[in-house]
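Each residue of the sequence shown is one higher than the one before, counting from 5 in my numbering.
Glycine is no exception: its CB is placed at the ideal position from the N, C-alpha and C atoms.
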Amino acid sequence: MIGLYTYDWTDENDVKRIREGLGKLGITNKIPYKADEDTLKGKYRITGYRRISKYYE
5 MIGLYTYDWT DENDVKRIRE GLGKLGITNK IPYKADEDTL KGKYRITGYR
55 RISKYYE
């Protein structure tokens with residue numbers, strides 16, 4: 005498992021650019037992309053939310 009951060013999750017072009025770069029490195033699995041604010045609020049770990057990904061490509 006790897007973790008990546010981008011400067012702003014709302015910049016969809018930048019997120020896609022990063023994803024494309026990962027693809028060029030051979031990473032072809034779909035990758036969920038969630039915002040730090042959701043992590044900090046514990047939405048996944050504490051409340052068990054399952055659909056918090058902003059992108060899934």
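- Looking from the CA of residue 18, the closest CA among 44, 32, 37, 45 belongs to 37.
- Just so you know, the alpha carbons of residue 29 and residue 6 end up roughly 13 Å apart.
- Within the same chain, and ignoring the five residues on either side of residue 41 in sequence, no residue has its Cβ closer than 7 Å to its Cβ.
- Residue range 16-28 is occupied by the alpha helix (DSSP H) that includes residue 17.
- In the same chain as residue 11, and ignoring 5 residues on each side of it, the C-beta atoms closer than 8 Å to its own belong to 18, in chain order.
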